[in-house]
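Enquirer: One structure is given below, represented as structure tokens, and several questions about it will come after.
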Amino acid sequence: MKRIPVTLRLLAAGYCTHSEYLTIRGGSFRSSRFPAGFACIGHPELGPILFDTGYSERFYTETKRFPYSLYARVTPVFFRPEESAASQLLKLGIEADEVRHIVLSHFHADHLGGLRDFPNATFHYLQKAYDAVKLRKGFAAVRAAFLPGLLPADFELRSRPFDEKQTVRLPDGYPFARGLDVFGDGSIIAVDLPGHADGQIGLLVATESHDYLLCADAVWSSKAYRENRPPHPLAGLIMANRSEFRDSFRRLRLLHEKFPQVRIVPSHCTEPWTSYVKDGVAL
């Protein structure tokens, strides 16, 4: 599989709190922080590409009215304006209108909260993921952790769902059914990681030094896959498909066991930032 090296920055836009025991077997009952992680991938020709966006101030606006207010009550969110994806990129010298591509792992509010801040971006995702939420309103949307008002009004016009015929051969032994070449150049490969949400994907990218799997919410922490500690059964209540989640969890375990050199990055875990990042850049 041809790979084009990229640069990778791991960032977060706000965080939510939950009891750890829901996210990992044997976890603490104490409230824990779960950062709303996103990534900025530096492509040599396409420029900055975002993988998700984390929260934005619009989360608070969209959850003021019932029934969307239920989302904020169940999931306490903490966010400051300077933490938005657009604000953080600006500090790095990247204007919001310079971002031409955003890849979405899935359509939960903590992953797409900042989409409206990027007026020139094309949105890339698995069609199944959008189909699962696009008609949901009210309680049905809240049940899917989806806030329709976070999507730009021209979202569909600016969308380019993955070409599911554009598959690539993954390295022998990789435990994924397929790889989708997002931009057709081998730089960013999407792999299926459903269960937490319908159509959820992760991204395989390579820097000059290491291979990474940005695994979104297939697990909530690195120690979960490393120590084989899946979420508490109650977490199944917020999953789209429990059996698919278990299968995705198993695949992450296999990748870690067979290819420990691949750096797995869950969206809500701080460990990768302390282990893999130097001066803001993933090595």
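Sequential numbering from 1 applies to the sequence shown in the UniProt record's numbering. Where a beta carbon is used, it is the ideal one built from N, C-alpha and C, also for glycine.
With 16 other CB atoms within 10 Å as the buried threshold, where does Glu83 fall?
Expert: Result: buried.
Enquirer: Return yes when the Cβ of Ala177 is within less than 8 angstroms of the Cβ of Ala202, no when it is not.
Expert: A small fix is needed here, since residue 202 is Gly in this sequence, not Ala. Their beta carbons are not under 8 angstroms apart, which means Gly202 does not touch Ala177 by this criterion.
Enquirer: Do Ser187 and Val6 count as a contact pair if the criterion is CB distance below 8 angstroms?
Expert: Yes.
Enquirer: Taking the alpha helix (DSSP H) that Val142 belongs to, which residues open and close that run?
Expert: Where Val142 is concerned, the enclosing alpha helix (DSSP H) stretches over 138 to 143.
Enquirer: Where does Ala140 land, buried or exposed, given buried means 16+ other C-beta within 10 angstroms?
Expert: Flag for Ala140 reads exposed.
Enquirer: Determine the closest residue to Pro161 out of Leu126, Phe79, Asp172, Leu151, with distance taken between C-alpha atoms.
Expert: If we check each option's Cα against that of Pro161, Leu126 comes out closest.
Enquirer: So within the segment 82 to 110, which uninterrupted alpha helix (DSSP H) runs reach at least 4 residues, ignoring any that extend past its ends?
Expert: Correct list: 85 to 91.
Enquirer: At the level of alpha carbons, what is the spacing between Leu180 and Arg226?
Expert: For Leu180 and Arg226, the distance between alpha carbons rounds to 26 angstroms.
Enquirer: Please list, in chain order, all residues of the same chain as Lys223 whose beta carbon is under 8 angstroms from its beta carbon, the five residues on each side excluded.
Expert: The answer, listed in chain order, is Ile24, Arg229, Glu271.
Enquirer: Which whole runs of the beta strand (DSSP E) in the segment 133 to 208 are 3 residues long or more, in chain order?
Expert: Correct list: 179 to 181, 189 to 192, 201 to 206.
Enquirer: Quick test of your reading: His106 and Ala129, contact by CB under 8 angstroms. State the CB separation rounded to the nearest angstrom.
Expert: Correct: roughly 5 angstroms between the Cβ atoms.
Enquirer: With C-beta atoms as the reference, is Ala145 less than 8 angstroms away from Asp117?
Expert: For Ala145 and Asp117, no; Cβs fall outside 8 angstroms.
Enquirer: Do the segment 237 to 244 and the segment 188 to 200 touch if we need at least three Cβ pairs shorter than 8 angstroms?
Expert: Yes: the two stretches touch, three or more of their Cβ pairs being nearer than 8 angstroms.
Enquirer: What is the rounded straight-line gap between the Cα of Ala209 and the Cα of Leu252?
Expert: Sequence inspection shows Ser at residue 209; the Ala mentioned does not correspond to that position. Between Ser209 and Leu252, the C-alpha separation is close to 21 angstroms.
Enquirer: Tell me whether the segment 31 to 41 and the segment 5 to 22 touch, counting them as touching only if at least three CB pairs, one residue from each stretch, are closer than 8 angstroms.
Expert: These segments touch.
Enquirer: Less than 8 angstroms between the C-beta atoms of Phe51 and Ala39, yes or no?
Expert: For Phe51 and Ala39, yes; Cβs fall inside 8 angstroms.
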